[in-house]
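Trainee: Quick one: this structure, given as structure tokens, is what I'll be asking you about.
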Amino acid sequence: MKTKLLLVILIGSFLVPNISMAAGYESNDFTISLYQGWDKLEEGRLVFGAPLYDHDDVYDFVKVQHNQTVNTGKNSFTAEELRELFEDSFTPVLFTIYAKIPVRGGHIYISHLYTENYALKPSLMRTWEYEYRQLPHQITPSSSIRISLPEKHLYKCVFLVPNEMARETVYITIEDAYSFRQSVSSGN
């Protein structure tokens with residue numbers, strides 16, 4: 020019986036994609052981190068990542084963020100201003116990635132944002148990005164967010180997730196168009 024179990028584990032380890040969970044990840048190619056909480060936001064101004072239109076398919080909580088942002092009449096916010104607007108309903112999750120070498124295909128994909136009990140499609144969300152540090156990105160048909168990541172650039176974006184979800188550790192999965200796939204936790 021033990022031999023069969025070991026054989027199943029051994030075969031399964033070859034069939035499952037190379038995914039590991041960590042509070043951070045570093046390799047010869049990337050450094051990836053995920054932080055959770057208002058105290059993790061850095062100095063600087065944040066802008067809502069993309070305009071929303073009535074026909075856009077996004078989560079209702081993203082529409083709430085967009086509407087509250089529009090109602091202020093401002094385009095960018097300090098971390099403290101964002102906190103005042105959203106702390107009662109949302110918690111920030113700060114995602115950072117640094118490409119040490121050119122990214123194969125020029126793009127990385129945020130394919131999953133999840134906790135033990137929740138799973139969000141990144142394509143139905145919008146990021147908050149630091150002003151003057153935005154990168155071209157687009158929503159893909161595969162539910163991912165595709166980001167054009169240049170070599171030697173430290174990209175940072177923030178997802179404001181509902182407080183209920185943020186009571187749990189948040190994970191994000193990053194992929195490239197080839198074989199790279201890595202999940203990282205916020206470490207909470």
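Numbering of the sequence shown is given in the working numbering, commencing with residue 20 and proceeding in unit increments. The beta carbon of each residue, even a glycine, is placed where N, CA and C say it ideally should be.
Would you kindly work out how many angstroms separate the C-alpha atoms of Leu104 and Gln87, rounded to a whole number?
Mentor: 8 Å
Trainee: Would you mind sorting Arg165 into buried or exposed? The rule is 16 or more other CB atoms within 10 Å of its CB.
Mentor: buried
Trainee: Using the C-alpha atoms, what's the distance from Val122 back to Thr91?
Mentor: Separation of Thr91 and Val122 (C-alpha to C-alpha, rounded to the nearest whole angstrom) is 38 Å.
Trainee: What separation, rounded to the nearest whole angstrom, lies between the Cα atoms of Asp195 and Ile51?
Mentor: Note on geometry: alpha-carbon atoms of Asp195 and Ile51 lie some 13 Å from one another.
Trainee: Tell me the residue span of the alpha helix (DSSP H) that contains His85.
Mentor: Asp79 to Thr91
Trainee: How would you write the range of the beta strand (DSSP E) that Leu143 sits in, first residue to last?
Mentor: Segment: none, Leu143 is in no beta strand (DSSP E) and carries neither H nor E.
Trainee: Inspect the beta-carbon positions of Val112 and Phe178 and report whether they are closer than 7 Å.
Mentor: Yes, the pair counts as a contact, with Cβ atoms nearer than the cut-off.
Trainee: Does Leu101 come out as helix, strand or coil in the three-state DSSP assignment?
Mentor: Reduced to three states, the DSSP call for Leu101 is helix.
Trainee: Would you say the region 130-145 touches the region 55-64, given that touching needs at least three Cβ pairs under 8 Å?
Mentor: no
Trainee: Check whether the Cβ atoms of Ile120 and Asp75 sit closer than 7 Å, and answer yes or no.
Mentor: no
Trainee: Measuring CB to CB, does Gln201 end up less than 7 Å from Ile193?
Mentor: yes
Trainee: With DSSP run on the structure shown, which of helix, strand or coil describes Ala196?
Mentor: Coil at Ala196, not helix or strand.
Trainee: Taking only three categories from DSSP, how would you classify Glu183?
Mentor: In this structure, Glu183 counts as helix in the three-state DSSP scheme.
Trainee: For Glu170, I'd like the list of residues in its chain whose CB is within less than 8 Å of its CB, leaving aside the five on either flank, ordered along the chain.
Mentor: Ala118, Lys119, Ile120, Pro121 and Val122
Trainee: Can you pull the DSSP bridge partners for Lys175?
Mentor: The beta-bridge partner set that DSSP reports for Lys175 consists of Thr115.
Trainee: Could you please give the first and the last residue of the uninterrupted beta strand (DSSP E) stretch that includes Ser52?
Mentor: Phe49 to Gln55
Trainee: Using CA atoms only, rank isn't needed, just tell me which of Ser167, Tyr149, Asp79 and Ala98 is closest to Lys140.
Mentor: Asp79
Trainee: So, using beta-carbon positions, are Thr134 and Met184 closer together than 7 Å?
Mentor: yes
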